[in-house]
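Structure record follows, encoded as structure tokens.
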Amino acid sequence: MSSKVPSHKPLVWLPFAAGGMFAALLLPVAILLTTGLILPDATSYEAAHAFASNWLGKLVLFGFVLLPVWHAAHRLRVTAYDFGVRADSLVAWIVYPGAALLSVLAVVFLLQI
Amino acid sequence: MARRPYPQEVDRFKWWIADPHFNRPYYLDYIARESTCIFIALYTILFVWGLGALASGPEAFAGFMGAMQSGWGLALQLVILAFALYHTVTWFMLAPQGMKPLRMKNGKRVPATRVMQVLYGAFAAATVVTLLLVWVLLP
Numbered sequence: 001m002s003s004k005v006p007s008h009k010p011l012v013w014l015p016f017a018a019g020g021m022f023a024a025l026l027l028p029v030a031i032l033l034t035t036g037l038i039l040p041d042a043t044s045y046e047a048a049h050a051f052a053s054n055w056l057g058k059l060v061l062f063g064f065v066l067l068p069v070w071h072a073a074h075r076l077r078v079t080a081y082d083f084g085v086r087a088d089s090l091v092a093w094i095v096y097p098g099a100a101l102l103s104v105l106a107v108v109f110l111l112q113i
Numbered sequence: 114m115a116r117r118p119y120p121q122e123v124d125r126f127k128w129w130i131a132d133p134h135f136n137r138p139y140y141l142d143y144i145a146r147e148s149t150c151i152f153i154a155l156y157t158i159l160f161v162w163g164l165g166a167l168a169s170g171p172e173a174f175a176g177f178m179g180a181m182q183s184g185w186g187l188a189l190q191l192v193i194l195a196f197a198l199y200h201t202v203t204w205f206m207l208a209p210q211g212m213k214p215l216r217m218k219n220g221k222r223v224p225a226t227r228v229m230q231v232l233y234g235a236f237a238a239a240t241v242v243t244l245l246l247v248w249v250l251l252p
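Right, dumping it as structure tokens:
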């Protein structure tokens, strides 16, 4: 009976796995760049603005928000339980809308550039 | 027939450091791996903040980047970088587990070492290509 009810797990898991892989492959180099320890000119206003003015650049920057934030939100939900916060549905109602809010803010900011 | 079952007391907050009955190194490892998400979430918040500063104009962005690249901002980013790298290593260790349904032509599973070799190769390539692209795109 219960096996016939479609589970929402794949919907949560796919972005979690995609975000985890994206973060694993690309976040370290992104952080290295924003520290300014390597290629410091890349974090100048001119360079960042030129990159974000282009629609492809906007898409890339949006990817750096959307994928890791969904991964982090799902893992935070699971980890909250391990840290003793057992109100799972409350946690879910904080982390997923939080991730959605950050994604929407990213779109709003990118469209203003 | 268990008349008086023995539910073992577990401290719900400190079980991973405090409980002597547990295998502590294993649970610490697990918690360290799962905690990377806190730092990834923190970085995305900083990232969105930076996008907001970029949309506000040159002064706001210079102020944001100045804070990010001096003193506490730099220290915070280095801590985030350490956890991000730990996420990379542990994610690549988990990846072969997720690939178990995948079979090679001879019906055997793809060897875990092969999966990890490919992933570390992809990590190196992604890092180098990103740096090269940024270097080429610099005005």
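Quick note, the sequences are listed as chains H and D, same order. Note that the first sequence covers residues 1 to 113 in the working numbering. Note that the second sequence covers residues 114 to 252 in the working numbering. All residues carry an ideal CB built from backbone N, CA and C; glycine is no exception. In this text the structure is predicted, and so the values were computed from the model without any measurement.
Neighbours of Trp185 of chain D in chain H, taken as residues at a C-beta separation under 8 angstroms, are lacking, since the least C-beta distance is about 13 angstroms.
For Leu244 of chain D, the closest C-alpha among the options H:Pro40, H:Gly20, H:Trp13 is that of H:Pro40.
Taking the beta carbon of Leu141 of chain D as reference, no residue of chain H falls within 7 angstroms; the closest one sits roughly 12 angstroms away. Gln121 of chain D has its alpha-carbon roughly 39 angstroms from the corresponding atom of Leu67 of chain H. Counting of Cβ neighbours within 10 angstroms places Pro28 of chain H among the buried residues, the total reaching 16 or more. Using a CB distance cut-off of 8 angstroms, Ile151 of chain D counts as an interface residue toward chain H. Annotation: Cβ neighbours of Arg125 of chain D in chain H (cutoff 8 angstroms, chain order): Gly84, Arg86. Within the stretch 9-63 of chain H, the alpha helix (DSSP H) runs of at least 4 residues that lie entirely inside it are, in chain order, 9-35, 45-53.
Any Cβ of chain D closer than 8 angstroms to the Cβ of Pro68 of chain H would place that residue at the interface, and such an atom is present. Between Ile193 of chain D and Phe126 of chain D, the beta carbon gap of about 25 angstroms keeps them out of contact (Cβ cut-off 8 angstroms). In this structure, DSSP gives Arg216 of chain D an extended state, which the three-state scheme calls strand. The C-beta distance from Leu232 of chain D to Ala208 of chain D rounds to 6 angstroms, short enough to fall under 8 angstroms.
Inclusion of Met178 of chain D and Thr35 of chain H in the CB contact set at 8 angstroms is not warranted, their separation being larger than that value. When rounded, the separation of the alpha-carbon atoms in Val60 of chain H and Phe109 of chain H is 14 angstroms. Any Cβ of chain D closer than 8 angstroms to the Cβ of Ala47 of chain H would place that residue at the interface, and such an atom is present. Close to chain H, meaning a Cβ-Cβ distance shorter than 9 angstroms, are the following residues of the stretch 199-216 of chain D: His200, Thr201, Val202, Thr203, Trp204, Phe205, Leu207, Ala208, Gly211. Beta-bridge pairing by DSSP links Arg222 of chain D to D:Arg216. For Leu141 of chain D, the enclosing alpha helix (DSSP H) has its first and last residue at 137-169.
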